[in-house]
Amino acid sequence: MTTSVNENEIKQLIIESLFLEDIEVDDIKSDEALFGDGLGLDSIDALELGIALQKKYGLKISEGNEENRKHFATVQSLVEFVQQAKTSQEN
105 MTTSVNENEI KQLIIESLFL EDIEVDDIKS DEALFGDGLG LDSIDALELG
155 IALQKKYGLK ISEGNEENRK HFATVQSLVE FVQQAKTSQE N
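Counting the sequence shown from 1 gives a position; our numbering is that position plus 104.
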């Protein structure tokens, strides 16, 4: 049984877990950088988002893993990461 994760679900998780009250799902572009000049998240936001992903999807996110930077780059990359992690957990 494959669990599907969509971009709007990840966007909503970002908004709720980081308390981004002035931002709507439609305000976040799927290919926009989440950090720096994009959405403007910082390293503390990354930690909080990582915890939210772990709680919601039961993921294991290794601390200090350089791949995390790629996974957390955009909403699209987060969706791909969650899908891959969920698929490997189910197998």
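Virtual Cβ for every residue (Gly too), placed ideally from N, Cα, C.
**OP:** Tell whether a beta-carbon distance below 7 Å holds between residue 109 and residue 179.
**Re:** To locate residue 109, count along the sequence shown from 1; it is residue 5. To locate residue 179, count along the sequence shown from 1; it is residue 75. Contact: no.
Original post:
Tell me which same chain residues have a C-beta within less than 8 Å of the C-beta of residue 158, skipping the five on either side of it?
Top reply: For the purposes of this step, residue 158 is taken as residue 54 along the sequence shown, with counting starting at 1. Leaving aside the five residues that flank residue 158 on each side, the residues in its chain whose CB is nearer than 8 Å to its CB run, in chain order, 164, 165.
Original post:
For residue 148, is the classification buried or exposed, using 16 other Cβ atoms within 10 angstroms of its Cβ as the cut-off for buried?
Top reply: If you number the sequence shown from 1, residue 148 lands on position 44. Label assigned to residue 148: exposed.
**OP:** Output the distance between the C-alpha atoms of residue 186 and residue 122, rounded to the nearest integer angstrom.
**Re:** On the sequence shown, residue 186 is found 82 positions in, with the first residue counted as 1. On the sequence shown, residue 122 is found 18 positions in, with the first residue counted as 1. Those two C-alpha atoms are separated by around 18 Å.
Original post:
Are the beta-carbon atoms belonging to residue 137 and residue 176 less than 7 Å from one another?
Top reply: Position 33 of the sequence shown, counted from the first residue, corresponds to residue 137. Position 72 of the sequence shown, counted from the first residue, corresponds to residue 176. No.
Original post:
By Cβ distance, which residues of its chain are closer than 7 Å to residue 152, with the 5 residues on each side in sequence left out?
Top reply: Translated into positions along the sequence shown, residue 152 becomes position 48. Closer than 7 Å at Cβ, skipping near neighbours: 121, 122.
Subject >> Buried/exposed call for residue 114, threshold 16 Cβ in 10 Å >> reply: To locate residue 114, count along the sequence shown from 1; it is residue 10. That one is buried.
**OP:** Please go through the same chain and pick out, in chain order, the residues whose beta-carbon is closer than 7 Å to the beta-carbon of residue 135, but skip the five residues on each side of it.
**Re:** Here the question's residue 135 lines up with position 31 in the sequence shown. If we look at residue 135 and ignore the five residues flanking it on each side, its Cβ neighbours are 178, 180.
Original post:
Residue range of the alpha helix (DSSP H) that residue 136 falls in?
Top reply: Translated into positions along the sequence shown, residue 136 becomes position 32. Taken as a continuous stretch (DSSP letters only), residue 136 belongs to no alpha helix (DSSP H), as it is neither H nor E.
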